[in-house]
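S.K.:
6 protein chains.
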Amino acid sequence: MSHTTPSLLVVSAHAGDFVWRAGGAIAAAAMRGEQVTVVCLSYGERGESASQWLQGKSLEEIKALRRSEAEAAAAELGAEIEFLDLGDYPLVESQGAIAQLVDVFRRTQPTVVLTHALADPYNEDHPAAARMALRARVLAQAIGVQNSDGSFPARDEIIGAPPVFFFEPHQSEQCDFKPNLLLDITEAFERKRRAMECMPAQKHMWSYYTDLAVRRGVQVRRNAGPNLGLPHETKGEAYVRFLPQVTGELS
Amino acid sequence: MSHTTPSLLVVSAHAGDFVWRAGGAIAAAAMRGEQVTVVCLSYGERGESASQWLQGKSLEEIKALRRSEAEAAAAELGAEIEFLDLGDYPLVESQGAIAQLVDVFRRTQPTVVLTHALADPYNEDHPAAARMALRARVLAQAIGVQNSDGSFPARDEIIGAPPVFFFEPHQSEQCDFKPNLLLDITEAFERKRRAMECMPAQKHMWSYYTDLAVRRGVQVRRNAGPNLGLPHETKGEAYVRFLPQVTGELS
Amino acid sequence: MSHTTPSLLVVSAHAGDFVWRAGGAIAAAAMRGEQVTVVCLSYGERGESASQWLQGKSLEEIKALRRSEAEAAAAELGAEIEFLDLGDYPLVESQGAIAQLVDVFRRTQPTVVLTHALADPYNEDHPAAARMALRARVLAQAIGVQNSDGSFPARDEIIGAPPVFFFEPHQSEQCDFKPNLLLDITEAFERKRRAMECMPAQKHMWSYYTDLAVRRGVQVRRNAGPNLGLPHETKGEAYVRFLPQVTGELS
Amino acid sequence: MSHTTPSLLVVSAHAGDFVWRAGGAIAAAAMRGEQVTVVCLSYGERGESASQWLQGKSLEEIKALRRSEAEAAAAELGAEIEFLDLGDYPLVESQGAIAQLVDVFRRTQPTVVLTHALADPYNEDHPAAARMALRARVLAQAIGVQNSDGSFPARDEIIGAPPVFFFEPHQSEQCDFKPNLLLDITEAFERKRRAMECMPAQKHMWSYYTDLAVRRGVQVRRNAGPNLGLPHETKGEAYVRFLPQVTGELS
Amino acid sequence: MSHTTPSLLVVSAHAGDFVWRAGGAIAAAAMRGEQVTVVCLSYGERGESASQWLQGKSLEEIKALRRSEAEAAAAELGAEIEFLDLGDYPLVESQGAIAQLVDVFRRTQPTVVLTHALADPYNEDHPAAARMALRARVLAQAIGVQNSDGSFPARDEIIGAPPVFFFEPHQSEQCDFKPNLLLDITEAFERKRRAMECMPAQKHMWSYYTDLAVRRGVQVRRNAGPNLGLPHETKGEAYVRFLPQVTGELS
Amino acid sequence: MSHTTPSLLVVSAHAGDFVWRAGGAIAAAAMRGEQVTVVCLSYGERGESASQWLQGKSLEEIKALRRSEAEAAAAELGAEIEFLDLGDYPLVESQGAIAQLVDVFRRTQPTVVLTHALADPYNEDHPAAARMALRARVLAQAIGVQNSDGSFPARDEIIGAPPVFFFEPHQSEQCDFKPNLLLDITEAFERKRRAMECMPAQKHMWSYYTDLAVRRGVQVRRNAGPNLGLPHETKGEAYVRFLPQVTGELS
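What follows is the structure, given as structure tokens:
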């Protein structure tokens, strides 16, 4: 219903999350020529880099490595990427971090927002990222809210009310993640696979998330109906739409 | 994602429900040239016709009156209408009624299904209708399931997996009705209003459901964002999508 | 807000349920001079009479015994009692039973209705009774609904919309029973105790439900606040109000 | 059950919330001669004053304007009003703010508390206000908790356990707001309307909340039953009672 | 805590369900020397045999084929199997079917019960089977409940209160299936695989359920902790325990 | 499935909580020879010591008294005890407190963790303690996370994924506490009773929690089945297992 330029904004707690969980949606948007921006709140340097720590790497080395891998993956997917370096394990919610995200929302003018789900008993950083993304989205809509450096008026336009989708956590059922949208990523999957392969330390994840894409693809076909001729190799990603869909036509 | 002919099927417990609750969606589909079929499981002769009973009308008179009003309303909306005359208050779930609905699903080959929500403490007929519609939809997908007269094979093709939307109950919050889809019915609203006016005994409902359309229209605008230029007179209807949306693009 | 004569209707699956679970509310109403009617859908002859079966009693003997105990308990509480003898374990939902309850609702014109909660994994008879009570209550409001013998018009007036309260199941938490009303039964408790003592075969229940009254009494005091001077021996019963409270004053 | 002086305390995130959402309850209490205190945690200067910002007003001008409008509305309703000026968008939860509220609770000795609901995806300030109100209410009950300036013992008496009611958010269903209390505000509505008219910049809200009062009034009538003779112009407000109701009589 | 002989009872809606969803638990129990009984309520002849219908087979041919496949699979798993032939699509709940299950419960004296989950929007037969299993389990505990042929007293002993576990549906999240138990089936998996291979018409399911076993195995390892030395090839099945676990030791 | 030394860690918001709510589990573990460590985050000096404040005691006196009572109770139960002295009413969540708990987790290497439930409208300190315990447990698993004094690498080994159990709040149903585990504490109860008697100021709690143990004992027997020969004096404690149980055998 909008005539604004498509712009996808992905808010990721750690440097790898956006690849495994939303790589298909990102690649598909980029393949349609849309602008895609990934914001990594941290590098996942403490909580998701066990093998590097075991090798005796330093904190700075690990951050640099994670950054370069994420940059390579974003490039494969066709996305811009930026890093707020807020630290992880824990990723601490703060007004300062939310204010930085307000700037990002206004600068990128997203028409679609992707982030983590609001519950994850295995990793509190994920819901913390989601809460900050949701709060920043609302603040960025208000003309009275300042820039993150306290200056006023806002450097960029306020934003509209872009839809928000939560991407899939590692153990969906324990995160009360009940998908209400199944995305067909068949054509984008090859790019997602290449992006995953930019993370050589997590090789076991490549097949895990390939299998998941197959399973979600089965559900794409099952929910679309048997007579629609979707191919057997359909790949999918699951999402939860957070706010009501607005549409002019039921389908 | 489908290339089938659009066909909207509306399963309504009583003769009036489809008008108040889904009249906008029906009119909009008809205005796009789609086939629309309304199935009324009962006339609402016992539970929703208090004023006729008070006037001393007989059961048959009341059923005939409700039927003709519903036919007039359907005509205004641009829909075909049929009646299963299963009785109301209570509308009793039965295998026979479900089997009749299986026939209807296969005959109309719906690409979209509308029905009541699954909870309504004020009127158990509504969830009974919804449960029968949902069961018939699944049975109609199976090649091994007979026609309602026991003959086999099925007279019509099996169906795919059309999306199901629940329309809004009278007291939404008491029915655990949390809309996840807001439909813009601005252009279709005039037809809906004329269809409502085919129900002269329920004149107080005309303004009630006009006000509701305004309120849901405010939410259409609010969830679409301030900068999208939707007009102030936007009208809306609220729905709950029952199964996951299948799509190739997030929006 | 009503000027109708107070009338309490209690719908109980088995012959003993109303005593353990709602005896305090019943006695309190009777002590205020209100009319109270208890309807037992079954005697609990198969599911709640293990000791009688072990003694080799016949079905008819057990039903007679359960009936006389329930009559004695009702007398202690100050209530009228009637029995529909629908059988238990299972208590089967049927249109006929609901229709009999419609007659009862119209005859007794309840201003308050008590029944079981809607979930009980340990005894499906309880939610079956609740569902039948709720459906009968709605049907009894409609002028178009017949008497249970098929005659028409209804022998008694249709009813209003009396509030419904679920009394407490045996294992509350497993029944998703989250009390939203705590009833002070301190003054009525002695009558409840005497009514419980009309059930000699279930002597272990006397102390169980006395302890529960103490515990719910602690919660009455705790939720009313420390400064209200409720005595330490406060006794309570817990309820779930099913539909919204209607009131002219918050308190 | 209490003999304390009635005192209503309303904790409002922004300067206007108490008018739209609880104006009827406030006016009704005042009309009964009860003490009413409204505490506005912020002026809503950043998040709810878009038109003033567009007119180029300064932060201080906007705060002053919002304050004077709120004071006028409170006067129409018959309530005292105070402002904590904690800032909005975001309204940040803090121990200092909670401590200030503890002082207010002890000073006003509320017998009823009104505040926002605990979820609102469209405005996180609202649940933040509610959480602070709930925490302050519990702390104010404990004799060991200091005054907000650190002095001890407490300047005022500790409080009891006043009931808490959440008033209705703008989009109820998206806030998991399922009303369990419908308040008849028919007689108080004229005052509420006059209070709303003290907010000239939000003229579109006047009719929105008048319509809502009508709709909630329909539900007041519907849940009270057809035979109670409530007038057709009944107006209502919807609330969620947070903790169990304590009562000596079911009704 | 019990000294009864281990006996596993599996209630399966259709002839294949027990293999895909609980094959690991069944094989593991059999490998420990326990008695295992599978009861198939129907053959899945209408709803899960599309390919046979497309080949023009008759109803009786399809039932015979499904039966022989299920018998072969049960033999691979080490289980007894019986068939109630109640029909499917729909599997209709009835008192007669429940009574037959009561007989089975008393005859097999289960110490553990497995059945479907209580919700499945894609196949109502599954929750219907679960509801009947749960009701039969409770009725079988009561000494007053007859045999299915109406004779009395019961032919076999009444049963205790065996724990019930729901096995995993095809689309877990849409069935509100939140596993609270992860079963390590590593050693039993080879038998499960052989049992799956007894269903040649559903070859695509072999890899689907092998992948699922790997994914649940990852969760077994993740929830047991990194330092427990579980092998990388761990296989798992997910379950929901329905009633509280009773234990003498937390672990 | 683990071969690690049993170690029970109990995270308690105030000095008394672990006695009333988990004393049976603690004593049972100690009686089996396991190591048990109780960490009290505060002494409960402001929120749970009304009688001492009324006697005019000072803050330091109250803290000392609460500490010595808790030490005596822990000794009766057979547990080590330590105090973080973080203050109560409110117990404020902080990164520093979480970091201290990370140290405790790594030092004690728990195989089982007990803490409060995640909701308690009557006392926000309880869920605050639970959230901090859960976060510390996850951080303590990561090799990249520092000691609380900022030093690195960690002084002790990282931990595995010990199961977490929530013990029972004072008003279970209002805390959404639905027990999924009933612990038989019959043999340990005498020690729990002696530990309760170390709290002379809360004498009314002795009988309250003895009654609760009886009631939970009834449920232990009821959920284990009538034929298992559990004695009538069975005592119990109720728990909620937070994450999926991992097991090699259903029971």
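The listed protein sequences correspond, in order, to chains H, D, V, G, P and S. If you read the first sequence in this note's numbering, its first letter stands for residue 855, the second for the next number, and so on. If you read the second sequence in this note's numbering, its first letter stands for residue 855, the second for the next number, and so on. If you read the third sequence in this note's numbering, its first letter stands for residue 855, the second for the next number, and so on. If you read the fourth sequence in this note's numbering, its first letter stands for residue 855, the second for the next number, and so on. If you read the fifth sequence in this note's numbering, its first letter stands for residue 855, the second for the next number, and so on. If you read the sixth sequence in this note's numbering, its first letter stands for residue 855, the second for the next number, and so on. We put the beta carbon where it would ideally sit given N, CA and C, even for glycine. As the structure is a computational prediction, the values presented were derived from the model and not from experiment.
(1) Is the beta carbon of E1091 of chain H less than 7 Å from the beta carbon of R1070 of chain H?
(2) Could you tell me which of D:V1068, D:E1027 and D:F1031 sits nearest to E1044 of chain D, measuring between CA atoms?
(3) With a threshold of 6 Å on Cβ separation, who are the neighbours of Y1063 of chain D within its own chain once the five nearest residues in sequence on each side are excluded?
(4) Indicate whether at least one CB of chain G lies closer than 7 Å to the CB of G941 of chain S.
(5) Are the Cβ atoms of R1172 of chain G and L1066 of chain G separated by less than 7 Å?
(6) Return yes when at least one heavy atom of the ligand PLP lies under 6 Å from the C-beta of A879 of chain V, else no.
(7) Within this structure, are the beta carbons of C894 of chain H and A971 of chain H separated by less than 7 Å?
(8) Give the single residue among P:N1034, P:Q1025 and P:V966 whose Cα lies nearest to the Cα of S811 of chain P.
(9) Which residues mark the beginning and the end of the alpha helix (DSSP H) in which R1076 of chain D is found?
(10) In terms of residues, what are the limits of the beta strand (DSSP E) holding V1100 of chain G?
(11) Mind checking if E978 of chain G is an interface residue toward chain H, Cβ cutoff 7 Å exclusive?
(12) According to a CB-to-CB cut-off of less than 9 Å, which residues of the region 1017 to 1028 of chain P neighbour chain S?
(13) Kindly indicate which residue of V:R985, V:N977 and V:R1009 has the alpha-carbon position closest to the one of A996 of chain V.
(14) For V966 of chain S, which three-state DSSP category applies?
(15) I952 of chain G and R920 of chain G: beta carbons closer than 7 Å?
(16) Helix, strand or coil for I997 of chain P, going by three-state DSSP, please let me know.
(17) For the putative contact between A982 of chain D and V865 of chain D, defined by C-beta atoms under 8 Å, what is the C-beta separation to the nearest angstrom?
(18) How do the region 923 to 938 of chain P and the region 889 to 909 of chain P stand: do at least 3 beta-carbon pairs fall below 8 Å, yes or no?
(19) Do the CB positions of V1018 of chain G and A1078 of chain V come within less than 7 Å of each other?
(20) What does I1013 of chain D reach in chain P if we use C-beta pairs closer than 8 Å?
(21) Smallest Cα separation from E1011 of chain S: which of S:F1020, S:Q1000, S:F1021 and S:G1004?
(22) Determine, using beta carbons only, whether D1038 of chain G comes closer than 7 Å to chain D.
(23) Strictly by DSSP, which residues pair up with E936 of chain G?
(24) Apart from the five residues on each side of it in sequence, which residues of its chain come closer than 6 Å, Cβ to Cβ, to I880 of chain D?
(25) Do P1098 of chain G and N1034 of chain V have their C-beta atoms within less than 7 Å of each other?
(26) In terms of residue numbering, what span does the alpha helix (DSSP H) encompassing A1042 of chain V cover?
(27) Could you name the residues of chain P that L895 of chain V contacts, counting a contact when the two beta carbons are closer than 9 Å?
(28) Counting C-beta neighbours from all protein chains within 10 Å, is the total for D979 of chain H 16 or more, i.e. buried, or is it exposed?
(29) Tell whether a beta-carbon distance below 7 Å holds between E1022 of chain V and S1026 of chain S.
(30) Using a 10 Å radius around the Cβ and a threshold of 16 neighbouring Cβ atoms, would you call M885 of chain D buried or exposed?
(31) Closer than 7 Å, CB to CB, is A918 of chain H near chain S or not?
(32) Distance, Cα to Cα, L940 of chain D vs R1047 of chain D?
(33) Of the residues P:K911, P:Q906, P:G1004 and P:Q963, which one's Cα is nearest the Cα of Q1056 of chain P?
(34) Near L1037 of chain G, which residues of its chain fall below 7 Å by C-beta distance, leaving aside the five closest residues on each side in sequence?
(35) Secondary structure at S1005 of chain S, three-state DSSP: helix, strand or coil?
(36) Rounded to whole angstroms, what's the CA-CA distance from H1086 of chain P to I1013 of chain S? Just pull it up for me.
M.R.: In terms of the structure at hand:
(1) Counting from 1 along the first sequence, the entry for residue 1091 of chain H is found at position 237. Counting from 1 along the first sequence, the entry for residue 1070 of chain H is found at position 216. It is a contact, given that the beta carbons lie within the stated cut-off.
(2) Counting from 1 along the second sequence, the entry for residue 1044 of chain D is found at position 190. It is D:V1068.
(3) By one-based count along the second sequence, residue 1063 of chain D stands at place 209. Cβ neighbours of Y1063 of chain D beyond the five flanking positions: W874.
(4) Along the sixth sequence, one-based indexing puts residue 941 of chain S at 87. No, no contact with chain G.
(5) Since the first and last residues shown for chain G are 855 and 1105, residue 1172 of chain G lies out of range.
(6) Looking for the ligand PLP in the displayed structure turns up nothing, as the structure carries no ligands at all.
(7) What you label residue 894 of chain H is simply residue 40 of the first sequence in a count that begins at 1. What you label residue 971 of chain H is simply residue 117 of the first sequence in a count that begins at 1. No, Cβ-Cβ distance for C894 of chain H and A971 of chain H is not below 7 Å.
(8) The structure shown has nothing for residue 811 of chain P, since chain P only spans 855 to 1105.
(9) For the purposes of this step, residue 1076 of chain D is identified with residue 222 of the second sequence, where counting begins at 1. Its alpha helix (DSSP H) spans residues K1057 to A1078.
(10) Counting from one through the fourth sequence, the residue named residue 1100 of chain G turns up at place 246. According to the DSSP assignment, V1100 of chain G belongs to the beta strand (DSSP E) that extends over Q1099 to T1101.
(11) The residue you call residue 978 of chain G lines up with position 124 of the fourth sequence. Taking Cβ atoms only, chain H reaches closer than 7 Å to E978 of chain G, which makes this a yes.
(12) P1017 and F1019
(13) As a first step, residue 996 of chain V is located in the third sequence; it is residue number 142 there, counting from the start. Closest by alpha carbon: V:R1009.
(14) Numbered from 1 along the sixth sequence, position 112 holds the residue referred to as residue 966 of chain S. Looking at V966 of chain S - three-state DSSP - the assignment turns out to be strand.
(15) The residue labelled residue 952 of chain G in the question sits at position 98 within the fourth sequence. The residue labelled residue 920 of chain G in the question sits at position 66 within the fourth sequence. The answer is no: Cβ separation not under 7 Å.
(16) Here residue 997 of chain P corresponds to residue number 143 of the fifth sequence, with the count starting at 1. Coil, per DSSP.
(17) Here the question's residue 982 of chain D lines up with position 128 in the second sequence. Here the question's residue 865 of chain D lines up with position 11 in the second sequence. Not a contact, Cβ separation roughly 11 Å.
(18) yes
(19) What you label residue 1018 of chain G is simply residue 164 of the fourth sequence in a count that begins at 1. What you label residue 1078 of chain V is simply residue 224 of the third sequence in a count that begins at 1. Cβ atoms of V1018 of chain G and A1078 of chain V: not closer than 7 Å.
(20) What you label residue 1013 of chain D is simply residue 159 of the second sequence in a count that begins at 1. Neighbours of I1013 of chain D on chain P: none; closest Cβ ~13 Å, over 8 Å.
(21) By 1-based counting over the sixth sequence, the position of residue 1011 of chain S is 157. In terms of Cα proximity to E1011 of chain S, the closest of S:F1020, S:Q1000, S:F1021 and S:G1004 is S:Q1000.
(22) Translated into positions along the fourth sequence, residue 1038 of chain G becomes position 184. For D1038 of chain G, the answer is no, since every Cβ of chain D falls outside 7 Å of its Cβ.
(23) Indexing the fourth sequence from 1 puts residue 936 of chain G at position 82. BP columns for E936 of chain G point to G:V893.
(24) Position 26 of the second sequence, counted from the first residue, corresponds to residue 880 of chain D. Hits under 6 Å: V890, L931 and A933.
(25) Here the question's residue 1098 of chain G lines up with position 244 in the fourth sequence. Here the question's residue 1034 of chain V lines up with position 180 in the third sequence. Closer than 7 Å, so yes.
(26) Taking the first residue of the third sequence as 1, we reach residue 1042 of chain V at position 188. Neither: A1042 of chain V is in no alpha helix (DSSP H) and is coded neither H nor E.
(27) Residue numbering aside, residue 895 of chain V sits at position 41 when the third sequence is read from its first letter. Near L895 of chain V there are no residues of chain P at all, since even the closest Cβ is about 16 Å away, more than 9 Å.
(28) Numbered from its first residue, the first sequence carries residue 979 of chain H at position 125. The residue is buried, with at least 16 neighbouring Cβ atoms inside 10 Å.
(29) What you label residue 1022 of chain V is simply residue 168 of the third sequence in a count that begins at 1. What you label residue 1026 of chain S is simply residue 172 of the sixth sequence in a count that begins at 1. No, the Cβ-Cβ distance between E1022 of chain V and S1026 of chain S is not below 7 Å.
(30) Here residue 885 of chain D is taken as the residue at index 31 of the second sequence, counted from 1. In the assembly as shown, M885 of chain D is an exposed residue. Its beta-carbon has fewer than 16 other beta-carbons within 10 Å.
(31) To locate residue 918 of chain H, count along the first sequence from 1; it is residue 64. So, not an interface residue.
(32) To locate residue 940 of chain D, count along the second sequence from 1; it is residue 86. To locate residue 1047 of chain D, count along the second sequence from 1; it is residue 193. If you take the alpha carbons of L940 of chain D and R1047 of chain D, they lie about 28 Å apart.
(33) In the fifth sequence, counting from the first residue as 1, residue 1056 of chain P sits at position 202. Taking only the C-alpha atoms, the option nearest Q1056 of chain P is P:Q906.
(34) The sequence position of residue 1037 of chain G within the fourth sequence is 183, counting from 1. Same-chain partners within the cutoff: G878, A879, G1090, E1091 and Y1093.
(35) As a first step, residue 1005 of chain S must be located in the sixth sequence, where it is residue number 151. Three-state DSSP puts S1005 of chain S in coil, outside helix and strand.
(36) If you number the fifth sequence from 1, residue 1086 of chain P lands on position 232. If you number the sixth sequence from 1, residue 1013 of chain S lands on position 159. Roughly 19 Å separates the two Cα atoms.
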